[in-house]
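Here the sequence shown stands for residues 31 to 733, numbered as in the working numbering.
Structure record follows, encoded as structure tokens.
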Amino acid sequence: MTSPAGPPPTGSGDGEQQRLRLLAVTACPTGIAHTYMAAEKLAQAAESRGIDMKVETQGSIGAANVLDDNDVKHADGVIVAADKDVDLSRFAGKRVLTVGVAEGIRHPEQLIERVLSAPVHTEGGAPTAPAAGGGKERSVGYKALMNGVSYMIPFVVVGGLLIAMSLSIGGHTDPSGGLVIPKDSFWMDVNNIGVIGFTLMVPILSGYIAYAIGDRPALVPGMIGGWIANTGELYDSKAGAGFIGAIVTGFLAGYLVLWIKKVKVPKFAQPIMPIIVIPIVATTALGLFFIYVIGKPISWVFEHLTDWLSGMTGASAVVLGAILGLMIAFDMGGPVNKTAFLFGAGLIATGNQTVMGMCAAAIPVMPLGQGLATLIRKRLYTEQERETGFAALFMGCFGISEGAIPFAAARPAQVIPANMLGGAVAGAIAGVAGVEDAVPHGGPIVAVLGAVSGVPMFFVAVVIGSVVTALVTVALLDLSERGRRGEAVGEAGAAAGPEPALVGVGAGAPGGGEVVAERTVRAAEPVGAPASSEETVAPASAAAPAEEVGVGEVLSGYLTRQTVQVELGAGDKESAIRQMSELLARTGRVADVEELVACALRREAQGTTGLGDDIAIPHAKTDAVTEPVVGFARSAEGVEWGSLDGTKAKLVFMIAVPEAAAGDEHLRILALLSRKLMDVGFRERLLAASDADTLLGVLRDIG
């Protein structure tokens, strides 16, 4: 056996050899099902070999059974089975094997053998980069972008809402200075705090994109690079590069740090590389590159766009308004946006207020449209995004276009075109109507405070532009999700689902981030854990229909005789989900079967709910159901579900809960299900049951 790195296996002092001690970390980005399945499989494999193992699970509801310093000190090796970034710095000096979460489910025995000869992790090493076969995980670039967006959102919300509050309560119109807040007032202090939040927003986005790629050494160059990108004065531009520049600097910083890490240095220099050398070299190189190489084109774009617009002042008001709206909506604070804004603001002094009127109508369209989209089709968004949508609506009312940046950064291909189309419509309508704005600011607030002439048409322009943005956003997100699932475009009722929840160190769990307390997962005491998803929620108290309560009650009445089927006739996953949805509809708790099917399929698009060992637990959170309901069906041939261990699903449980449901009852149900399903004897009894009544009798053992 290969001797593990770090402290060798300890003895009792009398020559007795202690059992091998291993640690593991399991994690998946879209839920907790595969996280806990991998943990269970690794623990079982270790127990069968007489090995002590402790497993830390990093699901979407938070980390559980966390490995402490004492665990690491006495460990002989560490297995990291994850499809998301895991900080490995605490494992320096230990043998660390990093693979995808699927490997933890499929080949736990092989991983235990391989970890004993795995490379020793060094101080300053990068986060995990899962091996091939890790399931349907997103690319490194996508996860890095989501990490940056996740950290940026609080800064956007806090900064934007404080600025909006200070403007609405403490501001007044001034022809020479737009919306003005008295300098020595309380509300100016509130405004300044909000401005600080907005100022930090772009560097935070850049820094945490870089961090997700290059780990801690990339954080400083990423943040400083983002600050440079947002500070146009550093490269002779009147406007910074905004959030688009931050995305560029974030990726440049991350990959630059990865490249520097590959450079071989003398052993004596290795300890200072991650804390001194890499940050200094990467920050200097990136900063100078942006100032002297990237910044010049940005400045050029700014100047030539201004000249081009100056030559259009005699053009049709419709054309000019549409162009200004497109520019305002494109980068929300970047050089293109600022060119249009400053062009309109500069013409106010000449007596031409119509150009600023076009800009003022377009400015709030992006945050209002994106906020409206989260209300129109809630199921396309995570809980965190829906909360950001409410904040965006508020910011839009005060002309703070940056409220839409989190949505544009997360889904640029869908959101930016929708923003631009809505902005163009709003600008064109304002141009045709001759709307004028006497102050260099935009949004409904300037009309309320009396700075706009033609107020009715101004609001018509804003409303129509916002609705266009919202509808186009929803349509493009639907098309994107269906395309990713490989589905043909059909009726709106079969809309694809949301993007995966924001991942990364700072991503909160939708639905309130509930934390499930888990027992220590050791080989000597294996435990099944909730096979859940971040989407599934059930209320703390939901009663079954009166006629079903009693001897036929399973899982607090959520699963009844009505929702048990002996034979599932479907031959594929989609057909199986449809049959299961129709089974649940027998209870009268399903208001829209088609929407329930669509919601469950959307969840499958994020990652399979096939858990292996012949088990699948599809689930949906949707207003298509009026009360929580659970169904069970059995398939003799098995349905191909994309399970990570390659088995077909013969035991299918389906869970459906209302979208408005809250609480952690769903986790209790899933915990009961998954723990019982880990029992081989229980699964065999389910497969052997001859009729529905016998099945229900077996299912009562769940609780």
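For each residue, glycine too, the CB sits at the ideal point set by N, CA and C.
Out of curiosity, what's the CA-to-CA distance linking Phe332 and His64? One-based indexing of the sequence shown puts residue 332 at position 302. One-based indexing of the sequence shown puts residue 64 at position 34. Their Cα atoms are separated by approximately 49 angstroms.
Considering only C-alpha positions, which residue in the set Ala69, Asp113, Ile732 is nearest to Val96? By 1-based counting over the sequence shown, the position of residue 96 is 66. The shortest C-alpha separation from Val96 is found at Ala69.
Expected contact under 8 angstroms - CB spacing of Gly201 and Gly224 to nearest Å: Residue mapping note: residue 201 aligns to position 171 of the sequence shown, counting from 1. Residue mapping note: residue 224 aligns to position 194 of the sequence shown, counting from 1. That belief does not hold up - the Cβ atoms of Gly201 and Gly224 are roughly 12 angstroms apart, past 8 angstroms.
Three-state secondary structure (DSSP) at Leu641? Counting from 1 along the sequence shown, the entry for residue 641 is found at position 611. Correct three-state label for Leu641: strand.
Have a look at Ile183 and Glu432 and give me their C-alpha separation to the nearest angstrom. Start at 1 with the first residue of the sequence shown, and residue 183 comes out as number 153. Start at 1 with the first residue of the sequence shown, and residue 432 comes out as number 402. Going by C-alpha positions, Ile183 is about 11 angstroms away from Glu432.
Could you tell me if His649 is buried or exposed, where buried requires 16 or more neighbouring beta carbons within 10 angstroms of its beta carbon? Here the question's residue 649 lines up with position 619 in the sequence shown. Buried.
Does DSSP put Phe683 in a helix, in a strand, or in coil? Within the sequence shown, the letter at position 653 stands for residue 683. Reduced to three states, the DSSP call for Phe683 is strand.
Please report the residue range of the beta strand (DSSP E) in which Leu631 lies. Position 601 of the sequence shown, counted from the first residue, corresponds to residue 631. The continuous stretches of beta strand (DSSP E) do not include Leu631, which lies in the alpha helix (DSSP H) extending over residues 623–636.
Given Ala491, which residues of its chain have a CB within under 6 angstroms of its CB, disregarding the five upstream and five downstream residues? In the sequence shown, the residue the question calls residue 491 occupies position 461. Annotation for Ala491: Ala391, Ala456, Ile459, Ala460 place their beta carbon closer than 6 angstroms to its own, counting only its chain and skipping 5 residues before and after.
Helix, strand or coil at Ala242 [DSSP, three-state]: Looking up residue 242 in the sequence shown gives position 212. Three-state DSSP puts Ala242 in a helix.
Distance between Ile243 and Gly178 (C-alpha atoms, nearest Å): As a working mapping, residue 178 is identified with position 148 in the sequence shown. As a working mapping, residue 243 is identified with position 213 in the sequence shown. Straight-line measurement puts the Cα of Ile243 at about 11 angstroms from the Cα of Gly178.
Bridge partner(s) assigned by DSSP for Met83: Here residue 83 corresponds to residue number 53 of the sequence shown, with the count starting at 1. As computed with DSSP, Met83 is found in a beta bridge with Leu52.
Could you compute how far the alpha carbon of Arg407 sits from the alpha carbon of Val187? The count along the sequence shown starts at 1 and reaches residue 407 at position 377. The count along the sequence shown starts at 1 and reaches residue 187 at position 157. Roughly 21 angstroms between the two C-alpha positions.
So the alpha helix (DSSP H) Arg608 belongs to, where does it begin and stop? Working through the sequence shown from its first residue, we reach residue 608 at position 578. Counting along the chain, the alpha helix (DSSP H) containing Arg608 begins and ends at 603–615.
Can you tell me which of the three DSSP states Lys651 falls into? As a first step, residue 651 must be located in the sequence shown, where it is residue number 621. Looking at Lys651 - three-state DSSP - the assignment turns out to be strand.
Through-space distance from Trp338 to Asp245, alpha-carbon basis: As a working note, residue 245 is residue 215 in the sequence shown. As a working note, residue 338 is residue 308 in the sequence shown. Straight-line measurement puts the Cα of Trp338 at about 43 angstroms from the Cα of Asp245.
To which residues of the same chain is Ala439 closer than 6 angstroms at the C-beta, ignoring the five residues directly before and after it? The residue given as residue 439 occupies position 409 in the sequence shown. Val179, Phe273, listed in sequence order.
Heavy atom of the ligand ATP less than 7 angstroms from the Cβ of Ile430, yes or no? Although the ligand ATP was asked about, the structure shown includes no ligands whatsoever.
Quick test of your reading: Met67 and Ile135, contact by CB under 8 angstroms. State the CB separation rounded to the nearest angstrom. As a first step, residue 67 is located in the sequence shown; it is residue number 37 there, counting from the start. As a first step, residue 135 is located in the sequence shown; it is residue number 105 there, counting from the start. Between Ile135 and Met67 the Cβ distance is about 5 angstroms, and since that is below 8 angstroms, they are a contact.
Have a look at Pro251 and Ala283 and give me their C-alpha separation to the nearest angstrom. Within the sequence shown, numbered from 1, the residue matching residue 251 stands at position 221. Within the sequence shown, numbered from 1, the residue matching residue 283 stands at position 253. Approximately 6 angstroms between the Cα atoms of the pair.
For Val462, which residues in the same chain have their Cβ closer than 8 angstroms to its Cβ, ignoring the five residues on either side in sequence? The sequence position of residue 462 within the sequence shown is 432, counting from 1. Sequence-distant Cβ neighbours of Val462 in its own chain, meaning closer than 8 angstroms and more than five residues away, are Ala347, Val348, Gly351.
Measuring CB to CB, does Val293 end up less than 8 angstroms from Pro247? Sequence index remark: in the sequence shown, residue 293 carries index 263 (1-based). Sequence index remark: in the sequence shown, residue 247 carries index 217 (1-based). Between Val293 and Pro247, the gap from beta carbon to beta carbon reaches 8 angstroms or more.
Helix, strand or coil for Thr656? Go by DSSP, reduced to three states. Your numbering for residue 656 matches position 626 in the sequence shown. Thr656 carries a coil assignment under DSSP once its states are collapsed to helix, strand and coil.
Could you tell me which residues DSSP puts in a beta bridge with Ile109? Reading the sequence shown from its first residue, position 79 is the one you call residue 109. Answer by DSSP bridge pairing, in chain order: Ala54, Leu127.
In the DSSP output, which residue or residues are listed as bridge partners for Val395? Locating residue 395 in the sequence shown gives position 365, where the first residue counts as 1. Beta bridge pairing from DSSP links Val395 with no other residue.
Alpha carbon to alpha carbon, what distance is there between Ala481 and Thr404? Numbered from 1 along the sequence shown, position 374 holds the residue referred to as residue 404. Numbered from 1 along the sequence shown, position 451 holds the residue referred to as residue 481. Cα-Cα distance, rounded: 30 angstroms.
Taking 8 angstroms as the threshold (C-beta atoms), are Phe420 and Gly401 in contact? For the purposes of this step, residue 401 is identified with residue 371 of the sequence shown, where counting begins at 1. For the purposes of this step, residue 420 is identified with residue 390 of the sequence shown, where counting begins at 1. In this structure, Phe420 lies closer than 8 angstroms to Gly401 by Cβ.
From which residue to which residue does the alpha helix (DSSP H) around Trp289 run? Position 259 of the sequence shown, counted from the start, is the residue given in the question as residue 289. Taken as a continuous stretch (DSSP letters only), the alpha helix (DSSP H) holding Trp289 covers 272–291.
From Glu77 to His137, what does the alpha carbon distance come to, in whole angstroms? By 1-based counting over the sequence shown, the position of residue 77 is 47. By 1-based counting over the sequence shown, the position of residue 137 is 107. For Glu77 and His137, the gap between their C-alpha atoms comes out near 15 angstroms.
Unbroken alpha helix (DSSP H) runs of length 4 or more, entirely within the stretch 419–468: which are they? Taking only runs of at least 4 residues, the alpha helix (DSSP H) segments lying wholly in the stretch 419–468 are 435–440, 442–463.
Is His202 helix, strand or coil by DSSP? For the purposes of this step, residue 202 is taken as the residue at position 172 of the sequence shown. Assignment of His202 by DSSP, reduced to helix, strand and coil, places it in the strand class.
Which one of Lys71, Ile475, Ser496 has the shortest CA to CA distance from Met195? In the sequence shown, the residue the question calls residue 195 occupies position 165. Nearest of Lys71, Ile475, Ser496 to Met195, Cα basis: Ile475.
According to DSSP, is Gly227 part of a helix, a strand, or is it coil? In the sequence shown, the residue the question calls residue 227 occupies position 197. Helix.
Applying the 10 Å Cβ sphere with the 16-neighbour rule, what's the burial state of Gly640? Locating residue 640 in the sequence shown gives position 610, counting from the first residue. Within 10 angstroms of the beta-carbon of Gly640 lie 16 or more other beta-carbons, which makes it buried.
Beta strand (DSSP E) runs contained entirely in the stretch 291–355, provided each spans 3 or more residues: When DSSP assignments are scanned along the stretch 291–355, no uninterrupted stretch of beta strand (DSSP E) that is 3 or more residues long falls wholly within it.
In this structure, what does DSSP give as the bridge partners for Phe662? Here residue 662 refers to the residue found at position 632 of the sequence shown. Beta-bridge partners of Phe662 (DSSP): Val594, Phe683.
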